[in-house]
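Student: This is the structure I want to talk about, given as structure tokens.
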Amino acid sequence: MSALLVSQPESRRYLSGYGAKDIPARESAGYLFISADRQVLLTDPRTEGEAAAQAPSFEIRVYRSGSPMSGVLRDLVAESRVDRVGFDAGHLAYGTWRELRDALDGVATLEPAPDVVDRLRMVKDPDEIEALRASIALNEAAFGHLARTLRPGITELELAWEMENFVRTHGGEGLSFDPITVGGPNSAIPHAQPSDRPVRADDLVLFDTGALLGGYCSDMTRTVCIDSVPRQLEEVWHIVVDAQAEAEARVRPGMTGAEVDAIARGVIEAAGYGEQFIHGTGHGVGLEIHELPWITPTRGVDVLEPGMVFSIEPGVYLPGLGGVRMEDLVLLTPGGAEVLSTSPKTLKLADTLARLTKTESSEVVVDLDR
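Going by my numbering, the first residue of the sequence shown is number 26, and it counts up by one from there.
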């Protein structure tokens with residue numbers, strides 16, 4: 026008989042409801058052991074009460090000081106008459122794998138398991154979709170705050186702090202990822218780290234932010250300017266918005282992620298900026314900020330299904346000058362994409378602020394005026 030050992034925190038939460046965090050990358054908050062007739066949550070005394078409360082359908086097995094997890098697992102495997110234990114090959118650290126392998130020697134083999142839980146998580150159920158909507162709403166409220174805070178002279182780091190402070194003081198558990206709040210040449214670095222550089226009135230300013238609420242992530246990017254930018258950057262801004270709109274309009278169930286990427290990429294390539302689009306068009310979002318399915322040329326092999334939530338985020342980056350990225354989260358339905366991100370898409374900050382004052386609608390606002 027076989028069993029599955031789940032160590033990845035988000036998959037652990039998905040299957041059991043137990044949401045304690047690991048202390049990366051050496052200290053786990055627990056493991057799930059799932060066989061044909063048992064489901065056990067292994068954890069230590071610090072999180073025993075939390076585990077029992079959040080995962081009532083799981084048997085709790087505690088590993089205490091002097092009783093390492095590997096020894097407890099060995100006993101559990103022997104009790105369960107399991108001869109093969111699958112593990113999260115993409116998550117379990119090598120040192121932990123070696124310790125567990127040695128502990129199970131003579132009892133069971135430890136084998137890499139297929140990404141079965143990751144694939145279960147790809148299609149969201151109604152409760153997950155509602156959780157994602159709530160996280161997106163918080164992130165969009167934070168973007169509104171950032172837009173109203175943006176002014177010449179404010180630093181990128183100050184904008185990042187405003188993001189984190191807003192989310193944490195408005196009910197969020199934290200951020201989905203470190204915010205990217207950068208301007209000018211730094212906006213040409215897709216995953217730039219905010220610095221003490223002051224924002225200028227003639228900068229493109231890129232906000233890539235996400236909130237964490239109820240365990241679920243959100244992710245959105247908007248690029249604006251306070252005053253005006255060079256004509257080439259204005260041209261690029263419109264090309265990126267067009268590419269995103271085309272992909273959102275044409276995505277359908279049955280496509281692969283690579284096919285959706287090709288739609289957005291084709292618009293940018295036709296405009297002469299294919300070499301400056303240096304990342305994939307999107308990724309799944311849920312309990313993790315990057316999860317299946319991938320919307321990329323190389324990893325986008327999965328067929329897209331209704332219930333999947335993923336980003337569509339084309340970008341063009343001109344080193345030394347600036348970059349543009351626009352990112353929405355979409356829910357795939359039988360008829361196409363429902364765009365979940367509703368914040369304005371306008372180049373000028375004044376237009377963004379004007380639209381933010383209006384009642385939010387369920388449709389994405391796109392300014393395509395040339």
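Here a beta-carbon is modelled for each residue, glycine too, at the ideal position from N, C-alpha and C.
If you check the beta carbons only, do L374 and I251 fall under 7 Å apart?
Tutor: Here the question's residue 374 lines up with position 349 in the sequence shown. Here the question's residue 251 lines up with position 226 in the sequence shown. Yes. Within cutoff.
Student: Just to confirm, are V276 and A362 a CB contact at a threshold of 7 Å?
Tutor: Translated into positions along the sequence shown, residue 276 becomes position 251. Translated into positions along the sequence shown, residue 362 becomes position 337. Yes. Within cutoff.
Student: Between L365 and I161, which are expected to be in contact by the criterion C-beta below 8 Å, what is the C-beta distance as a whole number of angstroms?
Tutor: Here residue 365 corresponds to residue number 340 of the sequence shown, with the count starting at 1. Here residue 161 corresponds to residue number 136 of the sequence shown, with the count starting at 1. That belief holds up - the Cβ atoms of L365 and I161 are roughly 5 Å apart, short of 8 Å.
Student: Excluding five sequence neighbours on each side, which residues of the same chain lie with their C-beta closer than 6 Å to the C-beta of D108?
Tutor: As a working note, residue 108 is residue 83 in the sequence shown. Once the five neighbours on either side are set aside, the close Cβ partners of D108 are A133.
Student: Does the pairing of the segment 128-145 with the segment 154-169 give three or more beta-carbon distances under 8 Å?
Tutor: As far as the Cβ criterion goes, the segment 128-145 does not touch the segment 154-169, which means the pair count is below three.
Student: Given a threshold of 16 other Cβ atoms within 10 Å of its Cβ, counted over all protein chains shown, does A118 qualify as buried or as exposed?
Tutor: For the purposes of this step, residue 118 is taken as residue 93 along the sequence shown, with counting starting at 1. It is exposed - the Cβ of A118 has fewer than 16 other Cβ atoms within 10 Å.
Student: Can you check whether the CB of T377 is closer than 7 Å to the CB of P339?
Tutor: For the purposes of this step, residue 339 is taken as residue 314 along the sequence shown, with counting starting at 1. For the purposes of this step, residue 377 is taken as residue 352 along the sequence shown, with counting starting at 1. Not a contact, by the Cβ cut-off of 7 Å.
Student: Going straight from the alpha carbon of K383 to that of G169, what length do you get?
Tutor: Mapped onto the sequence shown, residue 383 falls at position 358. Mapped onto the sequence shown, residue 169 falls at position 144. Those two C-alpha atoms are separated by around 12 Å.
Student: Does DSSP classify P34 as helix, strand or coil?
Tutor: As a first step, residue 34 is located in the sequence shown; it is residue number 9 there, counting from the start. In the structure shown, P34 sits in a helix (DSSP, three-state: H, G or I).
Student: In angstroms with no decimal places, state the Cα-to-Cα distance between E198 and G235.
Tutor: In the sequence shown, residue 198 corresponds to position 173, counting from 1. In the sequence shown, residue 235 corresponds to position 210, counting from 1. If you take the alpha carbons of E198 and G235, they lie about 11 Å apart.
Student: Return the chain-ordered list of same chain residues with a C-beta closer than 6 Å to the C-beta of T68, the five sequence neighbours on each side being excluded.
Tutor: Your numbering for residue 68 matches position 43 in the sequence shown. Hits under 6 Å: G55 and A76.
Student: Check this for me: beta carbons of V328 and V265, under 7 Å apart or not?
Tutor: Here residue 328 refers to the residue found at position 303 when the sequence shown is read from its first residue. Here residue 265 refers to the residue found at position 240 when the sequence shown is read from its first residue. No, Cβ-Cβ distance for V328 and V265 is not below 7 Å.
Student: Since G309 and F335 are thought to touch, with beta carbons under 8 Å apart, how far apart are those beta carbons, to the nearest angstrom?
Tutor: Counting from 1 along the sequence shown, the entry for residue 309 is found at position 284. Counting from 1 along the sequence shown, the entry for residue 335 is found at position 310. Indeed, because the Cβ distance is near 5 Å, the residues count as touching under 8 Å.
Student: Consult DSSP for A45 and reduce its assignment to one of helix, strand or coil.
Tutor: Counting from one through the sequence shown, the residue named residue 45 turns up at place 20. Correct three-state label for A45: coil.
Student: Find the nearest neighbour of V341 within the set I314, V110 and I303, judged by alpha-carbon distance.
Tutor: By 1-based counting over the sequence shown, the position of residue 341 is 316. Considering only alpha carbons, the answer is I303.
Student: With distances taken Cα to Cα, identify the nearest neighbour of A283 among I214, W319 and P70.
Tutor: Against the sequence shown, residue 283 aligns to sequence position 258. Cα-wise, what sits closest to A283 is W319.
Student: Within the chosen definition, does the segment 141-154 reach the segment 37-51 through at least 3 CB pairs nearer than 8 Å?
Tutor: Touching, yes.
Student: Can you tell me whether I214 is helix, strand or coil according to DSSP?
Tutor: Counting from 1 along the sequence shown, the entry for residue 214 is found at position 189. It is coil, neither helix nor strand.
Student: Threshold first: 4 residues or longer. Then list the alpha helix (DSSP H) segments lying entirely within the segment 111-143, N to C.
Tutor: Fully enclosed alpha helix (DSSP H) runs of 4 or longer: 119-129.
Student: From V261 to S368, what does the alpha carbon distance come to, in whole angstroms?
Tutor: Residue 261 sits at position 236 when you count from the first residue of the sequence shown. Residue 368 sits at position 343 when you count from the first residue of the sequence shown. Cα to Cα, the separation comes out at about 20 Å.
Student: With distances taken from CA atoms, which of I85, A114 and Q301 is nearest L66?
Tutor: Looking up residue 66 in the sequence shown gives position 41. Nearest C-alpha to L66: I85.
Student: Measure from the alpha carbon of G291 to the alpha carbon of each residue in G311, G279, P278 and A270, then state which is nearest.
Tutor: As a first step, residue 291 must be located in the sequence shown, where it is residue number 266. It is A270.
Student: Ignoring anything shorter than 3 residues or poking outside the segment 194-260, list the beta strand (DSSP E) runs there in chain order.
Tutor: As far as the segment 194-260 is concerned, its whole beta strand (DSSP E) runs of at least 3 residues are 205-208, 229-234, 236-238 and 245-250.
Student: Buried or exposed: which applies to P177, given that a residue is buried once 16 or more other Cβ atoms fall within 10 Å of its Cβ?
Tutor: Taking the first residue of the sequence shown as 1, we reach residue 177 at position 152. Exposed, since its Cβ has fewer than 16 Cβ neighbours within 10 Å.
Student: Straight-line CA distance for R256 to M245?
Tutor: For the purposes of this step, residue 256 is identified with residue 231 of the sequence shown, where counting begins at 1. For the purposes of this step, residue 245 is identified with residue 220 of the sequence shown, where counting begins at 1. Their backbone Cα atoms lie some 25 Å apart in a straight line.
Student: Looking at A103: is its Cβ nearer than 7 Å to the Cβ of Y43?
Tutor: Residue 103 sits at position 78 when you count from the first residue of the sequence shown. Residue 43 sits at position 18 when you count from the first residue of the sequence shown. Contact: no.
Student: Answer with buried or exposed for A226, where buried requires no fewer than 16 other C-beta atoms within 10 angstroms of its C-beta.
Tutor: Taking the sequence shown and counting its residues from 1, the one referred to as residue 226 is at position 201. Exposed is the call here.
Student: To the nearest angstrom, how far is the alpha carbon of G209 from that of D228?
Tutor: Locating residue 209 in the sequence shown gives position 184, counting from the first residue. Locating residue 228 in the sequence shown gives position 203, counting from the first residue. The straight-line gap from Cα to Cα measures roughly 5 Å.
Student: For a minimum of 4 consecutive residues, which ranges assigned as the alpha helix (DSSP H) are wholly contained in the segment 51-77?
Tutor: Those alpha helix (DSSP H) runs which fall completely within the segment 51-77 and span 4+ residues do not exist here.
Student: Give the straight-line distance between the Cα atoms of V31 and F112, rounded to the nearest whole angstrom.
Tutor: Position 6 of the sequence shown holds residue 31. Position 87 of the sequence shown holds residue 112. Those two C-alpha atoms are separated by around 6 Å.
Student: Mind checking T15: buried by the 16 CB within 10 Å criterion, or exposed?
Tutor: This structure leaves residue 15 out entirely; the chain is present only between 26 and 395.
Student: Specify, as a first and last residue, the run of the beta strand (DSSP E) that F335 falls within.
Tutor: Translated into positions along the sequence shown, residue 335 becomes position 310. It spans V334 to I337 - the beta strand (DSSP E) in which F335 sits, taken as one unbroken run.
Student: Can you give me the start and stop residues for the alpha helix (DSSP H) that E363 sits inside?
Tutor: Along the sequence shown, one-based indexing puts residue 363 at 338. Where E363 is concerned, there is no enclosing alpha helix (DSSP H), although the beta strand (DSSP E) it sits in stretches over G361 to V364.
Student: Under the DSSP definition of a beta bridge, which residues are partnered with R86?
Tutor: The count along the sequence shown starts at 1 and reaches residue 86 at position 61. Beta-bridge pairing links R86 to L67.
Student: Across which residues does DSSP place R109 in a beta bridge pair?
Tutor: Counting from one through the sequence shown, the residue named residue 109 turns up at place 84. R109 is bridged to S27 and T134.
Student: Who are the Cβ neighbours of E385 in its own chain at under 7 Å, not counting the five residues just before and after it?
Tutor: Sequence index remark: in the sequence shown, residue 385 carries index 360 (1-based). No answer about E385 holds up, because its pLDDT of 46 lies below 50 and its placement is not dependable.
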